[in-house]
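Peer 1: Residue numbers (the working numbering): 467 to 887.
Here a beta-carbon is modelled for each residue, glycine too, at the ideal position from N, C-alpha and C.
In this text, all values refer to a predicted model and were calculated from it rather than measured experimentally.
Structure incoming, see below.
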Amino acid sequence: CIPSKALLKNAEIFNLFKKREEWGISADNLRFDFGKVVKRSQGVVVRTVKGIEFLLKKYGVHYQKAAGTFESANTLALTPADGSAARKVTGRHIIIATGARPRSLPSVPVDGKYILTAKEAIALPEQPKSMVIVGAGAIGVEFGYYLSSFGTKITLVELTDHVLPFEDVEVTEHLHKSLTKGGVEILLKSKVLSAKPTAAGTVKVEIETPSGVKTMEVDRVLSAVGVVPNTDGMGLDKIGVELDHGYIKTAKPSYKTNVPGVYAIGDVIGAPLLAHVASSEGICCVETLAGLNPTPVNYDNVPSCTYAQPQVASVGLTEEKAIAAGYTLKIGRFPFSASGKARAIGETEGMVKLIFDEQYGELLGAHIVGAEATEMLMELGIARSLEATHEEILKTMHPHPTLSEAIMEAAGQAYGEAIHI
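Right under this line is the structure:
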């Protein structure tokens, strides 16, 4: 999460400088140092990790880097990473939070050098001149934006018919146009048949597209096709923990497994595979163990964010899913091109799209594509938590000039009450 966002910020700043003449700023010999770009992101990671380690110490949490294997439901055998003697720890409760790792397709065998995952891509020693990215989900789109901003020729390959397959289609069309304008080649309804490193230090890629097989030779390939859970090698079979396609089965909201005393949270239990979901699950699980009465995680109100520019952020139902669920809809849209603040800061791409239930005015889904979309979203997350209607969003005074005014205007536009469009 963190190093990629640092890299994306570098790309955003570099793209802004490309438009310096529009801002009345003169600068000759615009250039970048790719090594320093990557080094900065790694520095951000180091500071973040040290901060978390400080918090663990502050709150009296014993932290040890070690490989752990279940010997019984309440006993782990630890092999410390520092080479010290193996030992055992016991606990009345054990929570598994081992996350997931990038998936490797048989047709795109990851080697970590020429065919990469996000783990290697965030720390590239040098900038590739060309890259095929397999998968146009959040990871694929973000890396495509980042590297293309610095001049890498990117080909984005997606099996479905639009980028960000789980987002609202209308919203993703804005992002598609922006990426294409920035030089990214996007191949939809396509799949990589093979990716093979060559003796010349490149990768030969065969892609099946609607118009036929396309063969390319690129510097690197990035596999961004999802993850697999980290459940192997921990002795889960020894204690009988039930799995479903590799993911640990749990009972929500306690996050109990079928083995008494063993719990699991985060990516290792399956979708939605997001850091903030894992954090919420962890809090809920621990507060339950502490005898409290926590609010269960609301999986119908999970925010989703993609940090390319323009950003994409959403919560709730897409238009397609709302229709499939049988709702009659009122939909409000407000383009940032009509926003005074967006024009002032030069960020007029995109829009706010709000989806309401016609019968009761309930906010069913919210979708933003544009600058700072990920920061704007939580007003709408809270609105959904409070079961707000279009009227409450519209009648809540929004400060002027702000990008957030677009949310108010979109709510008004759904019901014919917008002023500025």
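(1) Which runs of the beta strand (DSSP E), 3 residues or longer, sit entirely within the stretch 531-606?
(2) Please name the residue, chosen from Asp733, His886, Phe822, Leu482, that lies closest to Phe800 on a Cα-to-Cα basis.
(3) Mapping the DSSP letters down to three states, classify Pro469 as helix, strand or coil.
(4) Could you check which residue in Gln508, Ala539, Ala877 has the C-alpha nearest to that of Cys703?
(5) Strictly by DSSP, which residues pair up with Ala661?
(6) Of the residues Ala665, Lys657, Gly782, which one's Cα is nearest the Cα of Glu633?
(7) On the DSSP letters alone, give me the boundaries of the alpha helix (DSSP H) that Tyr501 sits inside.
(8) Report the residue from Ser870, Thr862, Leu795 whose alpha carbon sits nearest the alpha carbon of Glu841.
(9) Among the residues of its own chain, which have a CB less than 6 Å from the CB of Thr514, if the five just before and after it don't count?
(10) Ignoring anything shorter than 4 residues or poking outside the stretch 704-770, list the alpha helix (DSSP H) runs there in chain order.
(11) Quick one: what's Gln777 bridged to in DSSP?
(12) Roughly how many whole angstroms lie between the Cα atoms of Glu624 and Ala602?
(13) Would you tell me roughly how many angstroms separate the C-alpha atoms of Ala880 and Leu496, rounded to the nearest one?
(14) Using a Cβ-Cβ cut-off of 7 Å (strictly less than) and excluding sequence neighbours within five positions of Val693, which residues of its own chain qualify?
(15) Taking all protein chains shown into account, do 16 or more other C-beta atoms lie within 10 angstroms of the C-beta of Tyr793, making it buried, or fewer, making it exposed?
(16) Check each candidate in Ile620, Glu708, Glu478, Leu860 and name the one with the smallest Cα separation from Met874.
(17) Let me make sure I understand the geometry here. Which of Leu659, Pro695, Ile479, Ser614 has the alpha-carbon closest to that of Thr681?
(18) Measuring CB atoms only, is the stretch 467-487 touching the stretch 502-521, in the sense that at least three cross pairs come out at less than 8 Å?
(19) Quick test of the definition: if touching needs 3 or more C-beta pairs under 8 Å, does the stretch 659-668 touch the stretch 810-827?
(20) Check the DSSP bridge columns for Thr784 and list the partner residues they point to.
(21) 8 Å is my cut-off, CB to CB: does Glu519 come that close to chain B?
(22) Between Ile731 and the rest of its own chain, which residues show a CB-CB distance below 7 Å, the 5 nearest in sequence each way excluded?
(23) Beta-carbon within less than 6 Å of Tyr529's beta-carbon, same chain only, minus the 5 sequence neighbours each way: which residues are those?
(24) Kindly list the residues whose CB is nearer than 8 Å to the CB of Asp627, restricted to its own chain and excluding five residues on each side of it in sequence; keep chain order.
(25) Can you tell me where the alpha helix (DSSP H) holding Gly798 begins and where it ends?
(26) Pull up the DSSP beta-bridge partners for Gly678, would you.
(27) Per DSSP, what are the beta-bridge partners of Met817 in this structure?
(28) Quick one: residues in its chain with C-beta nearer than 7 Å to the C-beta of Val511, no 5 flanking neighbours on either side, listed in chain order?
(29) Are Thr535 and Ala547 closer than 8 Å when you measure CB to CB?
(30) When you compare the CB positions of Ala741 and Tyr611, do they come within less than 8 Å of one another, or not?
(31) Would you call the stretch 806-815 and the stretch 605-622 in contact, with 3 or more CB pairs under 8 Å?
(32) Using a 10 Å radius around the Cβ and a threshold of 16 neighbouring Cβ atoms, would you call Met597 buried or exposed?
(33) Distance, Cα to Cα, Ala584 vs Glu478?
(34) Thinking C-beta only, is Ala876 closer than 8 Å to Gly798?
(35) For Ser656, name the three-state secondary structure that DSSP assigns.
(36) Suppose the cutoff is 7 Å on Cβ atoms and the five residues either side in sequence are ignored; what does the same chain contact list for Ala788 look like?
Peer 2: In this structure, then:
(1) 532-538, 541-546, 553-556, 560-562, 566-568, 596-600
(2) Locating residue 800 in the sequence shown gives position 334, where the first residue counts as 1. Phe800 has its Cα closest to that of His886, out of Asp733, His886, Phe822, Leu482.
(3) In the sequence shown, counting from the first residue as 1, residue 469 sits at position 3. Three-state result, Pro469: helix.
(4) Numbered from 1 along the sequence shown, position 237 holds the residue referred to as residue 703. As written in the sequence, residue 703 is Asp, which differs from the Cys given in the question. The option with the nearest alpha carbon to Asp703 is Ala539.
(5) Taking the sequence shown and counting its residues from 1, the one referred to as residue 661 is at position 195. Ala661 pairs with Val671.
(6) Counting from one through the sequence shown, the residue named residue 633 turns up at place 167. Taking only the C-alpha atoms, the option nearest Glu633 is Gly782.
(7) Here the question's residue 501 lines up with position 35 in the sequence shown. The question names Tyr, but residue 501 in the sequence shown is Gly. Residues 500-524.
(8) Walking along the sequence shown from the start, residue 841 turns up at place 375. Comparing Cα positions, the closest option is Ser870.
(9) For the purposes of this step, residue 514 is identified with residue 48 of the sequence shown, where counting begins at 1. Closer than 6 Å at Cβ, skipping near neighbours: Ile468.
(10) Counting whole runs of 4 or more residues, the stretch 704-770 contains the alpha helix (DSSP H) stretches 741-755.
(11) Stepping through the sequence shown from its first residue, residue 777 is reached at position 311. In DSSP, Gln777 forms a bridge with Gly836.
(12) By one-based count along the sequence shown, residue 624 stands at place 158. By one-based count along the sequence shown, residue 602 stands at place 136. Near 5 Å, if we compare the C-alpha coordinates of Ala602 and Glu624.
(13) Locating residue 880 in the sequence shown gives position 414, counting from the first residue. Locating residue 496 in the sequence shown gives position 30, counting from the first residue. Straight-line Cα distance between these residues: approximately 44 Å.
(14) Numbered from its first residue, the sequence shown carries residue 693 at position 227. Correct list, in chain order: Ala566, Arg567, Pro568, Arg569, Asp733, Leu739.
(15) Taking the first residue of the sequence shown as 1, we reach residue 793 at position 327. Burial call: buried.
(16) The sequence position of residue 874 within the sequence shown is 408, counting from 1. If we check each option's Cα against that of Met874, Leu860 comes out closest.
(17) Start at 1 with the first residue of the sequence shown, and residue 681 comes out as number 215. Taking only the C-alpha atoms, the option nearest Thr681 is Leu659.
(18) yes
(19) no
(20) Within the sequence shown, the letter at position 318 stands for residue 784. Per DSSP, Thr784 has no beta-bridge partner at all.
(21) The structure shown has no chain B; it contains just one protein chain.
(22) Within the sequence shown, numbered from 1, the residue matching residue 731 stands at position 265. The residues are Ile561, Ala563, Tyr721, Ala744, Glu747, Gly748, Cys751.
(23) Here residue 529 refers to the residue found at position 63 of the sequence shown. Leu522, listed in sequence order.
(24) The residue labelled residue 627 in the question sits at position 161 within the sequence shown. The residues are Leu654, Lys655.
(25) In the sequence shown, residue 798 corresponds to position 332, counting from 1. Counting along the chain, Gly798 falls outside any alpha helix (DSSP H), though it belongs to the beta strand (DSSP E) covering 795-801.
(26) Position 212 of the sequence shown, counted from the first residue, corresponds to residue 678. According to DSSP, Gly678 bridges with Thr675.
(27) Here residue 817 refers to the residue found at position 351 when the sequence shown is read from its first residue. Pro801, Val835.
(28) The count along the sequence shown starts at 1 and reaches residue 511 at position 45. The residues are Ile468, Pro469.
(29) Taking the sequence shown and counting its residues from 1, the one referred to as residue 535 is at position 69. Taking the sequence shown and counting its residues from 1, the one referred to as residue 547 is at position 81. Cβ distance not < 8 Å, so Thr535 and Ala547 don't count as in contact.
(30) One-based indexing of the sequence shown puts residue 741 at position 275. One-based indexing of the sequence shown puts residue 611 at position 145. In this structure, Tyr611 does not lie closer than 8 Å to Ala741 by Cβ.
(31) Result no; under three Cβ-Cβ pairs closer than 8 Å.
(32) Numbered from 1 along the sequence shown, position 131 holds the residue referred to as residue 597. Classification for Met597: buried.
(33) Residue 584 sits at position 118 when you count from the first residue of the sequence shown. Residue 478 sits at position 12 when you count from the first residue of the sequence shown. Spanning the two alpha carbons is a distance of roughly 19 Å.
(34) Numbered from 1 along the sequence shown, position 332 holds the residue referred to as residue 798. Numbered from 1 along the sequence shown, position 410 holds the residue referred to as residue 876. Contact: yes.
(35) Here residue 656 refers to the residue found at position 190 when the sequence shown is read from its first residue. In this structure, Ser656 counts as coil in the three-state DSSP scheme.
(36) Taking the sequence shown and counting its residues from 1, one reaches residue 788 at position 322. Hits under 7 Å: Leu795, Ile821, Leu830, Gly831.
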